[in-house]
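These notes are about the structure you will find just below.
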Amino acid sequence: MADAMITIVLDRLADVLQKKIKEEVNLVRGVKKEVCYLSSELDAIRNVLEDAERRGYKDKTVQNWLKRLEDVSYDIDDVLDEWDYALLKLQIEGSEDLHLPRMKVCSFIPSSCLCFDKVATSRDIAKKIKGLKERLAMIVKKKNDYDFIVNRPVEPRESARVQSVSLVDLSEIQGREADKDVLVGKLMLGVVGQQLQASPQVISIVGVGGIGKTTLAQLVYNDDRLVNCFELKIWVCVSDIFDEVRIAKAIVEIVKGSSPNLNELEALLNHLKDSISGKKFLLVLDDVWTEDYNKWEPFKNTLNCGAPGSKILVTTRSERVARMMCATEIHHLGQLSDHDCWLLMKRVAFDGRSEEDHEELHEISKKIANKCKGLPLAAKVLGSLLRFKDTNKEWESVLDSEIWQLEEAEVELFPHLFLSYNELSPAMKRCFSYCAIFPKDWQIDVDKLIRMWIALGYLSSTENTGEVELRGKEYFNNLKMRSFFQDFVEYKDRVYCKMHDIVHDFAKFLRNTNSHNLDSREEASKDGSLIQAYNPYLVSIVKVYRSLFCQYKVPCETFDFITCLRVLSLCSHWRGGRIPAGMENLIHLRYLDATGGNIARYLPKICTLYNLQTLYLDECCLEEIPREIGNLIHLRHLNLSGNSRLEELPETICKLQKLQTLNLASCVCLSKLPEGIDRLVNLKHLPSDYTQILYIPQGFQHLTDLQTLRLFHAGRGSNKLGYLKRLDKLSGSLELRISVHDRDDVNEARKAELRNKIHMQSLKIWFINQMTSTDSDEQKSVITEVMEALQLPPNLRHLTIRDYKGTEFPGWSSSCLNHLRVVEIQECHGIPTLPCLGTLPRLEQLSVWRMRGLKFLGRDFLGKVDGSRTFGFPKLKKLSFCYCPSWENWEDITAKEEGNVTLSIMPCLRELNFEGCRLSQLPHRLLRKASSLQHLTVRDSFYLSLDYEEKNAAGWGSLSHIPHVEVANSY
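Residue 272 in the UniProt record's numbering sits at position 272 of the sequence shown, with consecutive numbering throughout.
Here's what the structure looks like:
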């Protein structure tokens, strides 16, 4: 796993050879020979790493060699950091001669290593480089002893794997009945009747290795309900190498009873076509790995000659495979319950044992079964292991061990995970195994994880960090597709996930350490601090990962022993606690998460960590940010969100020209941005929701790479809408709070050119003018013109309009917004009726809330109804009217229109809600046309309650076709 780190170091060494040594002010002299040696030898080592890492899984000496190689690679990178900073210091001090303002360098140079003169710095760096050359020379010498193979190809693995067959022992299956029923239902759908699909439908079972995909496919394949559904049933084990010739031969052999003596794919596919032509078949392709569509396409085209209604069932570990094969249904196979794991394990472990053994080992067997974490293969492996253990003590030893420490697990369980792992690139392997640093069942923040990978150099050393983050997301998605992550949750625009416990154990196994996080309370003292300052356990964690998650308090002195740290997360256990001193010595730190810490007094010292790329200071009760923040010239991501007392940002923050993310969300007292904001030329994300930023400098409009903003105040006394004109990369959600005063605001709305914000998904327009009933028609007219001039983004999915003071909606409200899914209209009290929203082709949810002026809904609301084939609200699923106290009439369609079968109105509507409305009668004919309506709720609507509250009420019969009707009043 050292490959990724070596690549980073090689890139930086190449930079040294090209720039630092050749430049006049190179600072460090006499090391060109050593740098060339480091570069050439590391390059040679990289060519044998694939073989070395493969051998390292079994050979401890190779494993130790790889660790030494990784350590020296990191140390080279650290020395290059010091060299970079020393040059930066020299350049800054030289700026005094040019009569430029001198930066306060000494205030942010760690006294432990960099407060010395230029000569001392040069000698120290040169000495370290020569020492690193000597260390690498020893590693190279040892490399030659191992006789590693250069660029060793991946060996075929079929010989080590058992070919699956369709037969299954039902007694060995537990807890998969529900999954089987779902899949059988999907396979039977469209097999008979009028809705036969011409080409075979592909259905895929996706799950991590050992979860039981093949077993489930066997259950489905042999289900009696499918006996008469298909003329042919074919089972083929594909395995990890997609051998087209072998697969074609296997299908023909099953259908014909013999294998053709052919080896050319074209001839075999023609033979296959003749074998299945016009026949309805069920084909199971078990254990598919290839993501190459060019390999699948010839089979896909050939299989199209089967009879309509044919089905293909695929099992795979990767959702990418399922998508490549154009699966229309993907069934993600979940884990078994602890009880089902216990029953499965018990069936194997207790086979042949006496009833007395059953009773004696009953309780401990349940505890051991919980270690399986829902994985059937793990239950069978542990059951097989326990079958040969007779005493309570032997069973307790299994209970007390981690699964990955058991030899049986390494032999039988982990190979299933190795197959997925070996498909990864070296960088992705490293990214995956790093995740073992998290405690089990840890909720992983995906964005933070990717930034940790970047901080550790797992992705790239390129300066284009935008591309690096995209690569990080690609790596994560690749791991996700292979089922290495699960339990995904989205919360406040962030994505979280977890690792299955056995996948976590596998990652630990790869890193070859017993425990990598402070998740054992035996390691902590009663007061929550580690027992001693120098803790070998903690130091070993840092050596393996260059990272530390401080779930418990760490003595300040400890940081003297772990200065190689690159990632430090103080975790939620530090929330409200004091940040430890001594962190200023962590000069190689690139990622610091101090969320919730009592950090204010230590912040100037943190600002000396010149290599920081990512800094989380959210919810730290900060009242000010020190000027020294400008010293963190490598900073890419700064999170200040949730600091509710923070009133302003220092101008020095504008020196952070590499900054891409500045999160200011929930800084409720922040009222302005610094004047030099336009100098943050790489800024992409500026979340500012729940702030009161009424002043943004005019230079803000030059931040043309900005993608995230979320909140923008516009109008007199604040910012101009025209500032948004050039920000065409804005995406996600944006709330505009607009205060309209005169016709200049109309021009500003037009200048904003929102129609060019094609990436924007959600927009909230909130007019914050405090108007009364005596406000002039002229002012209302100006507000209407502003609304018309906004010209909304064309790809919006969610639109909210609040406190609009006009008397009618603009023309764009019912046209040119073909992607809208959700519309919310709130507190627009001057609107007497709603526009023609029924023509919005993808609208799924419409909410009308607190509309005091709404009185009438006419037929125009539905769209054009003229007897032709018309769809009013073709995709609408939920419609709600709340607190519309003046709304008295909703015009119904005619009896003739109700009987017109070509007229479709709200065909997908499932939920209709009324609350606090004056409406006296529902449009019964219209509701009968809403054929999918399942739920009707009427609350606190007096006149409607009179007609529909009781089943014998006058209007109840008109609602009898709706399955669920609720009429309730709070008065």
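Glycine included, each C-beta is placed from N, C-alpha and C at the ideal position.
DSSP, reduced to helix, strand and coil, places S904 within a strand of the structure shown.
Annotated three-state conformation of R347 is helix, per DSSP. In this structure, the beta-carbon distance from I768 to M787 does not fall below 9 Å.
Listed in chain order, the non-local C-beta contacts of T652 below 7 Å within the same chain comprise R627, I629, G630, local neighbours out to five positions each way being set aside. Contact check for V381 against I205 fails: the beta carbons are separated by 9 Å or more. In the same chain as F809, and ignoring 5 residues on each side of it, the C-beta atoms closer than 6 Å to its own belong to P835, in chain order. Under the three-state reduction of DSSP, F881 is assigned to strand. Look at A714 here: in three-state DSSP terms it is strand. In the DSSP annotation of this structure, G185 is not part of any beta strand (DSSP E); the continuous alpha helix (DSSP H) holding it starts and ends at 177-188. Across the structure, G676 and F438 are spaced so that their CA atoms are roughly 39 Å apart. Note that the C-beta distance between V938 and S932 is not below 9 Å.
Sixteen is the threshold: when 16 or more other Cβ atoms of the shown chains lie within 10 Å of the Cβ of D179, as they do, the residue is buried. Pairing L344 with G209 gives a Cβ-Cβ distance that is not under 9 Å. F418 and S166 have their alpha carbons spaced roughly 24 Å apart. A check of alpha carbon separations from S718 across E753, T708, K672, T316 identifies K672 as the nearest. Our two residues, F281 and I211, have alpha carbons roughly 27 Å apart in a direct line.
Of the residues assessed, M138 falls on the exposed side of the cut-off, its CB having fewer than 16 other CB atoms within 10 angstroms.
In the same chain as A436, and ignoring 5 residues on each side of it, the C-beta atoms closer than 6 Å to its own belong to A507, K508, R511, H516, in chain order. The three-state secondary structure of S425, taken from DSSP, is coil. C237 and R430 have their C-alpha atoms spaced approximately 30 Å apart.
Distances from the CA of D357 to each of E329, P794, A369, K389 were compared; the closest alpha carbon is that of K389. Membership of N639 in the beta strand (DSSP E) is indicated by the continuous run 637-639. Taking 4 residues as the shortest admissible run, the segment 190-252 contains the following complete alpha helix (DSSP H) segments, listed from N- to C-terminal end: 213-221. In the structure shown, N585 adopts helical secondary structure according to DSSP, grouped into three states. Taking C-beta atoms under 8 Å as the contact rule, K855 and P885 fail to qualify, at a distance of about 10 Å.
Here DSSP, grouped into helix, strand and coil, assigns G374 to coil. Straight-line measurement puts the Cα of L449 at about 24 Å from the Cα of T608. For I330, there is no enclosing alpha helix (DSSP H); the enclosing beta strand (DSSP E) has its first and last residue at 329-332.
At the C-beta level, M324 and T302 stay beyond 9 Å of one another. A direct Cα-Cα distance of roughly 42 Å separates A749 from P604. By the beta-carbon neighbour count (other beta carbons within 10 angstroms, threshold 16), I758 is exposed. Only exposed fits F942, as fewer than 16 other CB atoms lie within 10 angstroms of its CB.
The DSSP-derived three-state label of E291 is coil. Under the three-state reduction of DSSP, H504 is assigned to helix.
Scanning D947, D145, I905 for the CA closest to the CA of Q921 turns up D947.
One thing to note: L80 has its Cβ no nearer than 9 Å to the Cβ of S39.
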